[in-house]
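What follows is one structure encoded as structure tokens, with my remarks underneath.
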Amino acid sequence: MTFNLKGMAEDLYIGIKDLPIVSPHGHCDPKWFATDAPFPNPAELLVVPDHYVFRMLFSQGVSLTELGVGKEGAKTDPRSVFRTFAAHWDLFLGTPTRVWMSYVLRETLGISQELSPQSADAIYDQISEKLARPEFRPRALFDKFDIEVLATTDSALDDLAYHTDIRQSGWGGRVVPTFRPDGVLDGADPEFLRNLKTLEALTNCDLGHFDGYLNALRQRRAFFVELGCTATDHGIEQVHTEWLDDPDAMYQRLRRKEGTPQDARRFYGHMLIEMAQMSVGDGLTMQIHAGSKRNTNHVVMREFGRDKGADIPIAMDWVNGFDALLNRVGNNPDLRVILFTLDEGTYARELAPMAGHWPCLRIGPPWWFHDSPAGIARYFDQVVETAGYCNLAGFNDDTRAFLSIPARHDLWRRGVALHLADQVSRGYFGKGDAEKTARLLTTDLARQVYGLQS
Amino acid sequence: MTFNLKGMAEDLYIGIKDLPIVSPHGHCDPKWFATDAPFPNPAELLVVPDHYVFRMLFSQGVSLTELGVGKEGAKTDPRSVFRTFAAHWDLFLGTPTRVWMSYVLRETLGISQELSPQSADAIYDQISEKLARPEFRPRALFDKFDIEVLATTDSALDDLAYHTDIRQSGWGGRVVPTFRPDGVLDGADPEFLRNLKTLEALTNCDLGHFDGYLNALRQRRAFFVELGCTATDHGIEQVHTEWLDDPDAMYQRLRRKEGTPQDARRFYGHMLIEMAQMSVGDGLTMQIHAGSKRNTNHVVMREFGRDKGADIPIAMDWVNGFDALLNRVGNNPDLRVILFTLDEGTYARELAPMAGHWPCLRIGPPWWFHDSPAGIARYFDQVVETAGYCNLAGFNDDTRAFLSIPARHDLWRRGVALHLADQVSRGYFGKGDAEKTARLLTTDLARQVYGLQS
Amino acid sequence: MTFNLKGMAEDLYIGIKDLPIVSPHGHCDPKWFATDAPFPNPAELLVVPDHYVFRMLFSQGVSLTELGVGKEGAKTDPRSVFRTFAAHWDLFLGTPTRVWMSYVLRETLGISQELSPQSADAIYDQISEKLARPEFRPRALFDKFDIEVLATTDSALDDLAYHTDIRQSGWGGRVVPTFRPDGVLDGADPEFLRNLKTLEALTNCDLGHFDGYLNALRQRRAFFVELGCTATDHGIEQVHTEWLDDPDAMYQRLRRKEGTPQDARRFYGHMLIEMAQMSVGDGLTMQIHAGSKRNTNHVVMREFGRDKGADIPIAMDWVNGFDALLNRVGNNPDLRVILFTLDEGTYARELAPMAGHWPCLRIGPPWWFHDSPAGIARYFDQVVETAGYCNLAGFNDDTRAFLSIPARHDLWRRGVALHLADQVSRGYFGKGDAEKTARLLTTDLARQVYGLQS
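So this is what it looks like as structure tokens:
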């Protein structure tokens, strides 16, 4: 079950469908590729870690525990989890999850039956049998998927041991870390002080002063770069940047636990600019994922923790929120800052005009809920006319679901082909330009913008 | 004049066009069905009560009085009102009003001539002649329209006498009330104190204390339920909910007329949660219609009153505004809360992600200005991928214009068929799933979500 | 390179493509038509003044100086500027700039080669050669373009000498001024006090009192009207209107430089209403262009000045912002106020419902970044169903790039034809109504709304 292409769209799709996968941003676990252990079972592979899947069932009254989520959920029989999922398969009609999952079952796992309550057990058994085979281990799949490079997302405090193991293993797969420093930048994070201590221990910098703190961050960035890192990542609710005259004073207040939430927010806004300045120095591409209000369901947060489907987008103000950062470093053409939004109203109103002016800016691909056929169509419709194609950042799959990577890139490639075929049919440009642009959107832009040229 | 369907869309439409009409939310007058009196004349039937019609003429300089609206307007000759309308028929090109009205004239009233300044008098006469016939009385039309159930919207203080009459009349039509308590919840309503007195008189509860007030509301809900009510309704400008520690204190301030507008807003925000909690108890589906700034034209309000075409949508923040209610009752899978928005920017950004997570939530169909071909297309485009179909609430016509009910349901059914045919043509799902989903969107979801299964 | 039309769309386009150009709003320099001097060279004609062009190159790291912009840029060899532009021609794939520029080169300048780095010099030479010919002088082009009327935008303090010259020249072209008073209304403008002095000198009014100030403004409006002016124009960041009880007090504070930014904002909000009231008197159509945050790049502002591609749209609130003005003058059917937005989220949510009610309001065509094929499609999709066609204002090219005027009107006409063909194919209305509406949107509405009937 995926979407059909005809005529010019099909031609364009054929020209890009077999290009290698460039995956510059996502949430795969590097341990998979370091240890190359088999994936456990169909439920833990396809249902339990996928918030797109369990949020939909939860919205229709299925408990997360029944779906294998959380501590209690871990006791649920995986076959029962898979049956519950199959019993509600119809809920996904019209969603990208159904497109992705169908692709995974058919193309990646080679299951020919349609998923249904009746076929659940048979399909569960077939998948289980396959997962035990060597060709379904993580590294074999990585190679089979033709992944040119895969970036993970890692805490600034991570020792990157799995990344080191991968590099030392002799396996040829390119897996690189991404520097995600929010835990040591955000004074409102309950772990902030403990994180600073860890940072101090890791770097031997004196974190008693703001300068030492900056040095520690620089040192961690350099460590990530050594292991192949080319980018950083930030996750923010509402974008705010400002340049503080005396960041040390704020830093000290936060270290003494005397800072207000407003102080924490202002300090974080300052640190985003410091991070951008460090990027000018070390060349790391900066990613900003903004506009998600996290963990809005308090019961789910308390019982099951973060990333359980209760993060909801909010309205964004990029223009004012990003002003201070841009006016400090935005004219530098060597800097790359990629903006990801969940508020599609900002595509044409803010992001496209901003990216069509500021040398440092690129617009990230449709993110999260908008990484879908209609979401991709709206994205192209709303950003290209003002930003052109060259101010985009290609595609990221941004997934924790390793098996879905080919499915997600395939969906994007189909969306690209449809968009470009439409442009050609309207006379906007010819087939040659469409073919060049298709390649750009599929692999070349991602390589360029993330500095991942091989 | 309505919109064309071809191929798969036509097939899907044919499969649903003759399903009965389920009308779970609207503003028809129960008196029509209680008394079964003939409708007065074409102008009072088609022009005077329809704000879609007179707002467009008003926007082009026609006075409301000329259109029969208001006290002075009541003196305007109905034939002259109808002529004025016909003279401006071209203004409606491209609007759903023209689609609905054309359907009403052609299909419901059997008028074969096109409306124009020249045909106005002849058409007026034909309609007048028909309205005098028994088959054009309210009950006969109700039966002819094949209405399975029709919900009206009624003040919490209404004695529901017409509803009682309908039930006792022996006529088989199912007309049910909807509990609309805003007048007794909103401390900013100029009638608030008078309404509380009426509430006290109706229920014999002691409204001197907050508990008595809650009891009175419970009693009224129970009374509505006895007469077939399955839902409540709220109309709000900007959504705000919060759980007050001491609601009685606020209640007392409002009763003494000492509350500020902010107090009234907070109290209303608390009462929405109380209403949701009562819904958990009595099973009434809760409807929230939010985001309309009412009566923005002060002259029109002063001279002609409410609902005269001067209500304008504003930007919404559902995520923060609804947070307190959801975190108190939102995980209850037996509760049904339907959200209606006029800010389409919140479809994909807020409502679809929220309804795709919270067990209690459903997204209402395109409302008011968006109940239109393009509005329906945007709705499906923006909600389905994240919320699926099962988190929607089917269709409501939400109209005061009884004759337009079949026209509005027909427009929705055509929109459903077009959307689903498009999904099939893109390979999203097959014809079988499309047919099932078409039925779901036409009748089944509305029945389920409003608890109107017969 | 422009977009294709087929079948009904092509038929409708053929019916309007050769209608005269009505250009009721734009930024052409009246000097061109007063002096009729040849345009200097291809770079100064096509690249240097076009912020759409240089902002895109700037966003990809090209310096404005290389592009001939600014004082230093003036020293850059125009041929080198043109080569730089041609070298980056591919950046414009998918943008309206490419559509317009291709049209200008092919249709207006008669260049048959495709622009590319290789053809840059040859094309530069061909254009240079043509610019020297009499048929490429401003007046000849004006006639060749079949411009019925062209409005410029002029400071309230302008002596309109070029306009006077045009009228006295005996040339038949109709070029009219537009009254833009922001510099004498906005107390936050650094030139405000100096502008008041100039206003005093020009009018001999006593600007020591608010009444004298109003009289001076009335006098300037009357002067503009004498020279053919039919409209005013305002450019605002966020819309705010309010009626001050004592505007003189605020006026005095601003004159003494004692006003806060908030005072300036409130005073401007009052003056918008005064301007609307004067429009009721003198019949000038009022234009409000709102929602652009100007000069967001401080370095570019300091080094290159205003209008250099760094203006970015922000979210708008028309409903509350415009409330005071509408409630004072909005019911007057003789007043015309045209609203232009850069926040497309307000099309269906605010502007269409407002224009579909208030007699004075009309919705301006897609503006700036949204004056593009997809922007035009979104505009029709989102405004027509609620506002109809008669509450729109036709088209404006709003350009400083004289040569692009036919290209921009052609793009609009193609967009109109596509939209209407789609309406016909969906059965919304027949070909006759589509043809009438096409003409309305191409010329008739602009003439009516701006009072430019010949």
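Residue numbers (our numbering), protein chains in the order written: chain A, 33 to 486; chain B, 33 to 486; chain C, 33 to 486.
Every residue gets a Cβ at the ideal spot worked out from N, C-alpha and C, and that includes glycine.
On a predicted model such as this, the values are computed, not experimentally measured, just so you know.
query	result
Closer than 7 angstroms at the beta carbon, the chain C residues around A:Asp413	Ala406
Contact belief for C:Pro56 with C:Ala478 at Cβ below 8 angstroms, rounded distance in angstroms	5 angstroms
Classification of B:Lys340 by the beta-carbon crowding that lies within 10 angstroms, buried from 16 upward	buried
A:Val271 to C:Leu96 span [Cα, whole Å]	29 angstroms
B:Met33 classed as buried or exposed, judged by whether at least 16 other C-beta atoms fall within 10 angstroms	The predicted model places B:Met33 with a pLDDT of 45, which falls under 50 and marks its position as unreliable; any figure quoted below should be read in that light. Buried, because 16 or more other Cβ atoms sit within 10 Å of the Cβ of B:Met33.
C-beta atoms of C:Glu382 and C:Val351 nearer than 8 angstroms	yes
Through-space distance from C:Ile48 to C:Arg471, alpha-carbon basis	6 angstroms
Burial state of B:Gly426, where buried means 16 or more other Cβ atoms lie within 10 Å	buried
Cβ of A:Asp43 within 8 angstroms of any chain B Cβ	no
Endpoints, beta strand (DSSP E) assigned at C:Asp43	Note, C:Asp43: premise wrong, no beta strand (DSSP E); alpha helix (DSSP H) at Gly39 to Ile48.
Supposed contact pair B:Leu225 and B:Leu239 - C-beta distance, whole angstroms, cut 8 angstroms	Between B:Leu225 and B:Leu239 the Cβ distance is about 10 angstroms, and since that is not below 8 angstroms, they are no contact.
Spatially closest choice to A:Thr317 from A:Phe65, A:Cys261, A:Leu452 and A:Asp280, by CA coordinates	A:Cys261
Proximity test, Cβ basis, 8 angstroms: A:Arg115 and chain B	no
Reduced DSSP secondary structure (H/G/I, E/B, other) of C:Asp238	coil
Contact check, B:Pro391 vs B:Asn364, beta carbons under 8 angstroms	yes
Touching by the beta-carbon criterion (3+ pairs, under 8 angstroms), the segment 149-164 of chain B and the segment 178-187 of chain B	no
Assigned secondary structure, C:Gly267 (DSSP; H/G/I helix, E/B strand, else coil)	strand
Per-residue DSSP class, three states only, for C:Pro385	helix
Extent of the continuous alpha helix (DSSP H) to which B:Met307 belongs	Pro293 to Asp314
Counterpart residues of C:Ser187 in DSSP-defined beta bridges	C:Arg212
Beta-carbon spacing of C:Ser311, C:Glu269 below 8 angstroms	no
C-beta atoms of A:Asp265 and A:Thr210 nearer than 8 angstroms	yes
Supposed close pair A:Thr328, A:Asp349 - CB separation, criterion 8 angstroms	No, A:Thr328 and A:Asp349 are not in contact; Cβ-Cβ is about 20 angstroms, not under 8 angstroms.
Three or more C-beta pairs below 8 angstroms linking the segment 62-80 of chain A and the segment 97-114 of chain A	yes
The segment 127-156 of chain C: positions lying closer than 7 angstroms to chain A by Cβ	Thr127 and Pro128
CB of C:Leu435 within 8 angstroms of CB of A:Gly420, strictly	no
Best match in B:Ala322, B:Leu304, B:Asn359 and B:Thr418 for proximity to A:His330 [C-alpha to C-alpha]	B:Asn359
Pairwise C-alpha distance: A:Ala164 and A:Phe71	8 angstroms
Neighbourhood of A:Tyr300 by C-beta, 6 angstroms cutoff - its chain only, sequence neighbours within 5 removed	Leu217 and Asp218
Beta-ladder partner(s) of B:Met318, from DSSP	B:Thr264 and B:Val369
Where B:Gly301 meets chain A, residues with beta-carbon distance less than 9 angstroms	By Cβ distance, chain A contributes nothing, its closest Cβ being about 17 angstroms from B:Gly301, past 9 angstroms.
Interface residues of chain A facing C:Asn329 [CB-CB closer than 8 angstroms]	Leu358, Asn359, Gly362, Asn363, His389 and Trp390
Unbroken alpha helix (DSSP H) run spanning A:Ser160, endpoints	Ala152 to Leu163
B:Met33 at chain C interface by Cβ criterion, 8 angstroms	For B:Met33, the predicted model reports a pLDDT of 45, less than 50, meaning its position is unreliable and no value from the coordinates is stated.
Spatial neighbours of A:Arg410 in its chain, beta-carbon cut-off 7 angstroms, leaving aside the 5 residues before and after	Glu376
Identity of the residue in A:Asp221, A:Leu246 and A:Pro222 nearest A:Glu232 by Cα	A:Leu246
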